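Under this note's numbering, the first residue of the sequence shown carries the number 173, and numbering increases by one thereafter. Cβ atoms here follow ideal geometry from the backbone N, Cα and C, with glycine treated the same way. If you're wondering where the values come from, they're calculated on a predicted model, not measured in any experiment. Data first, discussion second: the structure below is written as structure tokens.
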Amino acid sequence: MFIARLAGLAVFDPMGDQVGRVRDVVTSLRIGREPPRVLGLVLEVPGRRRIFVPMTRVTSIDSGQIITTGLVNMRRFEQRPSETLVLGEMLDRTVTLLEDGTPVMVEDIAMEQQRTNDWALTRVFVRRPGKGLRRRGEALTVDWDEVSGLSLVEEGQGAANLLATFEKLNAADLATVLHELSPKRRIEVASVLDDETLADVLEELPEDDQVEILGQLEEERAADILEAMQPDDAADLLAELPHQEAQKLLELMEPDEAAPLRRLLEYSDDTAGGMMTSEPVILPPDATVAEALARVRMPEISPALAAQVYVCRPPLETPTGRFLGLVHIQRLLREPPSTLVGGVVDSGIEPLHVDVPLAAITHHLATYNLVAAPVVDENDHLLGAVTVDDVLDHLLPDDWREQDPSVMHISGGTDGS
């Protein structure tokens with residue numbers, strides 16, 4: 173579907189009422205020759221307001237009209253730094269044919285629906301410069317990877333400038349961008365990230381990329397990055413390093429930051445002890461519901477950990493005093509703010525022990541519809557919590573980021589298959 177032909181097309185809801193008209197197509201460019209993914213359409217609705225309609229809301233496209241699901245967000249469209257408008261920014265651009273190095277002008281770009289139902293920019297309609305008395309040169313249609321000058325530039329672009337292109341990406345998406353870069357550029361971009369951002373990104377990268385990046389940093393900064401990471405992710409990364417290197421980094425860390433990592437490294441990585449984080453939300457029984465809600469609202473706490481608080485006797489740093497039970501966030505939202513959490517504890521769900529294997533953890537979370545579960549030692553001291561995202565990381569294959577989601581096989585079960 174050539175995009176210039178979509179300009180001005182009417183867009184209708186399932187009832188046949190017109191929503192607006194197409195003014196542009198939003199895409200996300202990639203490094204190298206990867207076809208960009210089409211994110212959605214920019215529509216002009218009555219009042220000359222422009223809105224964004226994701227491609228997931230588009231059910232039919234033909235030469236005469238476009239049909240949507242009817243669920244349209246009327247908020248005004250604001251282009252993000254990582255987004256590119258096809259009609260507004262890509263047409264009439266001069267690019268280069270890779271076959272012979274000829275400069276050509278882009279006159280149209282085609283998008284095509286992929287096997288996964290996503291849309292991507294796949295073909296480019298270009299025109300060569302005219303020669304002699306000919307006013308117009310030869311026109312031809314080529315595949316996206318047969319031209320250069322449309323994709324994001326990797327070589328020759330400063331790391332800071334490259335990073336500015338993705339400044340509003342979340343950690344997972346930025347990790348995907350870094351993973352697709354060459355090793356040299358990956359290190360250059362990582363070096364200009366602040367510690368907190370780099371820590372978040374490392375948690376989302378494959379282990380090989382984590383080790384490569386950490387190994388290229390100065391040792392003092394590498395230790396700072398480990399301190400900023402979630403303890404379970406930092407411990408997993410240290411476990412991938414040579415023993416002497418891991419010990420040196422632990423010695424450079426603050427003692428109270430290194431202590432939880434040393435404990436986590438004692439456990440096998442496919443057990444509750446190896447997968448848990450040592451920093452769940454822990455409160456004494458005389459804390460109030462208001463205090464609990466204030467804790468789970470803290471932005472640095474992940475959604476899975478914020479789903480419940482763990483009630484323990486002092487001390488409240490892991491390993492804690494005796495574990496009393498947990499309180500789900502739904503229960504906290506239903507209770508008066510002055511209620512003590514000790515009075516609304518759910519003690520009916522048994523905690524996990526550190527040596528429980530992955531299959532049993534998965535079964536436990538599924539049985540009780542949990543997104544996290546407490547982990548205790550033989551004396552019922554709380555050591556940490558296993559979250560569903562940690563379980564998924566262990567269930568998915570090591571190369572899950574490179575696999576097509578539509579054909580991915582997830583391992584698991586009691587036999588580990």
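- Note: PHE249 is not bridge-paired with any residue in the DSSP secondary-structure output.
- Contact between the segment 196-215 and the segment 311-326 is present: three or more C-beta pairs spanning the two stretches fall below 8 Å.
- Each residue's CA atom was taken as its position, placing PHE184 and VAL191 some 5 Å apart.
- Looking from the CA of TRP316, the closest CA among PRO355, VAL267, GLU360, LYS356 belongs to VAL267.
- The continuous stretches of beta strand (DSSP E) do not include VAL560, which lies in the alpha helix (DSSP H) extending over residues 560-567.
- Under DSSP, GLN480 takes part in a beta bridge, and its partners are HIS500.
- Taking C-alpha positions only, SER440 is separated from LEU498 by approximately 25 Å.
- In terms of Cβ geometry, LEU181 and VAL197 do not form a close pair [threshold 8 Å].
- Here the alpha carbons of GLU522 and LEU555 stand approximately 14 Å from one another.
- For SER200, the enclosing beta strand (DSSP E) stretches over residues 190-200.
- Taking C-alpha positions only, MET187 is separated from GLN502 by approximately 38 Å.
- In this structure VAL461 is in contact with VAL513, their Cβ atoms being roughly 6 Å apart against a cut-off of 8 Å.
- Membership of GLN419 in the alpha helix (DSSP H) is indicated by the continuous run 415-424.
- For ALA179, the three-state secondary structure derived from DSSP is coil.
- ARG467 is positioned such that its CB atom lies closer than 8 Å to that of VAL453.
- Here the alpha carbons of VAL298 and LEU312 stand approximately 6 Å from one another.
- By the Cβ-count criterion, GLY302 is exposed, with fewer than 16 other Cβ atoms from all chains shown falling within 10 Å of its own Cβ.
- When secondary structure is reduced to three states using DSSP, PRO226 falls in the strand class.
- Contact holds between the segment 351-360 and the segment 382-399, because three or more Cβ pairs, one in each stretch, are under 8 Å apart.
- With a cutoff of 8 Å on beta-carbon distance, SER519 and LEU496 are scored as near each other.
- DSSP places VAL364 in the uninterrupted alpha helix (DSSP H) bounded by 355-364.
- Each of ARG247, MET401, LEU257 was checked against the Cα of VAL217, and the nearest Cα belongs to ARG247.
- Per DSSP, LEU322 lies in no alpha helix (DSSP H) segment and is marked neither H nor E.
- The C-beta distance from ALA395 to LEU424 rounds to 4 Å, short enough to fall under 8 Å.
- Taking the Cα positions, ASP428 is about 11 Å away from LEU422.
- Listed in chain order, the beta strand (DSSP E) runs fully inside the segment 262-286 are 266-269, 275-285, counting runs of at least 3 residues.
- For GLY556, DSSP records a beta bridge to VAL547.
- Taking one beta carbon from each stretch, the segment 340-349 and the segment 280-300 have fewer than 3 pairs nearer than 8 Å; the two do not touch.
- In this structure, DSSP gives GLY242 a state outside helix and strand, which the three-state scheme calls coil.
- Counting along the chain, the unbroken alpha helix (DSSP H) around ARG393 starts and ends at 391-400.
- Nearest to LEU259 by alpha-carbon distance, out of ALA479, ASP280, PHE249, is ASP280.
- Distance from the CA of ASP290 to the CA of ALA400, rounded to the nearest whole angstrom, comes to 35 Å.
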